[in-house]
Amino acid sequence: MKTLFICSVKRINYHVGEEYDDFIEVSDVPMADTIDEWAHRIQGRIRKLWEENEKEKNTDKRVVAAMDANYSYYLILEHLKKGMLTSEKIVVELPPEPSENTTDEEKE
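The sequence shown begins at 3 in the numbering used here and counts up one residue at a time.
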């Protein structure tokens with residue numbers, strides 16, 4: 003099993019010292035014209051971790067996603083999970099679904 007952490011620029015300091023196999027620092031709020039770019043970047047990181055699992059011959063080949071970012075990134079992950087399982091047989095485990103309306107102030 004490998005872990006991927008997706009965190010917004012604004013929240014990264016809250017996670018100092020946490021350990022993940024890979025992380026991606028994302029913009030606080032993705033713009034409509036950057037959603038596809040973020041999805042492509044996240045998908046690439048998931049593939050990289052999946053390939054590492056294969057090389058290491060891990061029996062648990064899941065890529066577990068954790069996140070502290072805008073709800074839009076959860077939706078991206080949800081979409082990628084379905085597509086990658088169907089087309090590439092890559093298993094992605096999502097974090098619990100965050101509230102669509104949670105603000106950074108409520109998280110603190």
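Glycine included, every Cβ here is placed at the ideal spot set by N, Cα and C.
DSSP state of residue i, grouped into three classes?
i      : result
MET69  : strand
LEU6   : strand
GLU95  : strand
LYS63  : coil
MET86  : helix
SER74  : helix
GLU111 : Not covered by the structure: residue 111. The range shown for the chain is 3 to 110.
What is the residue span of the alpha helix (DSSP H) that residue i lies within?
i     : result
SER38 : The sequence given here has Asp at residue 38, not Ser. 37 to 57 is the extent of the alpha helix (DSSP H) around ASP38.
CB residue i to CB residue j, shorter than 8 Å?
i     : j     : result
LEU82 : ILE48 : yes
GLN45 : MET86 : yes
PRO98 : ALA67 : no
LEU51 : ASP23 : yes
VAL18 : SER29 : no
ILE78 : ALA34 : no
Looking only at its chain, what residues have a beta carbon closer than 6 Å to the beta carbon of residue i, apart from the 5 residues adjacent to it on each side?
i      : result
SER74  : PRO32
ARG64  : MET3, VAL93 and GLU95
GLU107 : For GLU107, the pLDDT reaches just 45, beneath the cut-off of 50, and the residue's location in the model is therefore unreliable, leaving the point undetermined.
Starting from residue i, follow its DSSP beta bridges and name the residues at the other end.
i     : result
ILE26 : ILE8
Give me, in chain order, the residues of the same chain whose beta-carbon lies closer than 8 Å to that of residue i; leave out the 5 immediate sequence neighbours on both sides.
i     : result
ILE14 : GLU27
If you drop the 5 nearest sequence neighbours on each side, which residues of the same chain put their C-beta closer than 7 Å to that of residue i?
i     : result
ASN55 : LYS4 and LYS63
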